[in-house]
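In this note's numbering, the protein residues as written are 1255 to 1540.
All C-beta atoms, glycine included, are put in the ideal place defined by N, C-alpha and C.
Only one structure is covered here, and it is reproduced in the block below.
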């Protein structure tokens, strides 16, 4: 996803860096533009980003700018690696290198640029399940429920009756004092404790009685029950299994990237904070 979006801009950035060998002189009363990223002697400032976007006529979101800068940082690291390979490094420099490397990796993690580009095929899930069969066994039982909450008993009773009769309207869920919880898994021990062991009396889609929780009234709708020792399986648990496979792939990609960074890497790098102009999700236009 990053590659096709940012590669043309990255090429222009590299050319711009190559052209800007002499240091830029600023008037006494003129402050230099904020630094977005720095790798060794290569500095990328905000005014360069603005000029680039004007030149190309592009409009980028905060996430796209961050992704573009991370691409630039990576390209600069490997461009300088060959120059710095034989340089000695003090203990202080090694510590700085460790901190900046972790900061770079954390940037990838936070922006989720590694996970977004990953797709999981069915055969990959089957292979993963075969190799991680022990991880698929539930250590404790759990139940999947829909839960509903209301601020007083009469409101909760009306909500429960509507769910029971399958006449619940969307506007009722948005009413003041009503909270419609999303479906999710809770531990069997918690469910039994909160419902006084009612699980054995419930069939799928049935409702629990009203339960008083602090200042609110709650009831659950049972969706499914998985006892301890049961293994996750397809297709019932496909979403959860796919998420686990994706997480492992993302971590593998991060580990591979870190190996590339530290493999014979006697280079110097520091990455400043991304001083971006607007809140996340808004577009940047110079």
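| Query | Result |
| --- | --- |
| May I have the straight-line CA-CA distance separating residue 1287 from residue 1296, to the nearest angstrom? | 15 angstroms |
| Looking at residue 1499 and residue 1440, is the spacing between their C-beta atoms short of 8 angstroms? | no |
| Pull up the distance between the alpha-carbon of residue 1311 and that of residue 1318, whole angstroms please. | 15 angstroms |
| Measuring alpha carbon to alpha carbon, tell me which residue in 1505, 1376, 1406 and 1306 is nearest residue 1467. | 1406 |
| Who are the Cβ neighbours of residue 1502 in its own chain at under 6 angstroms, not counting the five residues just before and after it? | none |
| Considering just the uninterrupted stretch of the beta strand (DSSP E) at residue 1308, what are its terminal residues? | Counting along the chain, residue 1308 falls outside any beta strand (DSSP E), though it belongs to the alpha helix (DSSP H) covering 1300-1310. |
| Taking the Cβ atom as the reference point for each residue, do residue 1307 and residue 1397 lie within a distance shorter than 8 angstroms? | no |
| Can you list, in chain order, the stretches of the alpha helix (DSSP H) that have 4 or more residues and sit fully within the segment 1365-1421? | 1367-1370, 1376-1385 and 1407-1418 |
| Buried or exposed for residue 1419, going by 16 or more other Cβ atoms inside 10 Å? | exposed |
| Between residue 1378 and the rest of its own chain, which residues show a CB-CB distance below 7 angstroms, the 5 nearest in sequence each way excluded? | 1499 |
| Give me the Cα-Cα distance between residue 1444 and residue 1395, rounded to the nearest whole angstrom. | 10 angstroms |
| Could you check if residue 1488 is buried or exposed, using at least 16 other CB atoms within 10 Å of its CB as the buried criterion? | exposed |
| Identify which residue in 1490, 1492 and 1408 has its Cα closest to the Cα of residue 1465. | 1408 |
| Could you check what DSSP says for residue 1444 in three-state terms: helix, strand or coil? | helix |
| Would you list the residues sitting across from residue 1480 in a DSSP beta bridge? | 1396 |
| Below 8 angstroms between beta carbons: does that hold for residue 1483 and residue 1392? | yes |
| Would you say residue 1299 faces chain B, with C-beta separation under 8 angstroms as the test? | The chain labelled as chain B is not found in the depicted structure, where only one protein chain is given. |
| Among 1478, 1492 and 1385, which residue has its Cα nearest to the Cα of residue 1459? | 1478 |
| Give every residue of the same chain whose Cβ lies closer than 7 angstroms to the Cβ of residue 1448, excluding the five residues on either side of it in the sequence, and list them in chain order. | 1465 |
| Let me know the secondary structure DSSP gives residue 1497 once reduced to three states. | helix |
| Within a Cβ cutoff of 8 angstroms, which residues of the same chain sit near residue 1442, ignoring the five residues on either side of it in sequence? | 1394, 1395, 1396, 1397, 1453, 1479, 1481 and 1482 |
| Who are residue 1287's beta bridge partners in DSSP? | Residue 1287 is not bridged to any residue. |
| Compute the Euclidean distance between the alpha carbons of residue 1491 and residue 1382, then round it to the nearest angstrom. | 14 angstroms |
| In chain order, what residues of the same chain have a beta carbon less than 6 angstroms from the beta carbon of residue 1410, not counting five sequence neighbours either side? | 1404, 1464 and 1471 |
| If you reduce the DSSP assignment to three classes, tell me which class residue 1292 lands in. | strand |
| In the DSSP output, which residue or residues are listed as bridge partners for residue 1472? | 1403 and 1465 |
| On the DSSP bridge assignment, give the partners of residue 1437 in chain order. | Looking at the DSSP assignment, residue 1437 forms no beta bridge with any residue, so it has no partner. |
| Which value, in whole angstroms, describes the spacing of the CA atoms of residue 1485 and residue 1325? | 41 angstroms |
| Compare the C-alpha of residue 1416 against each of 1461, 1387 and 1389 and name the closest. | 1461 |
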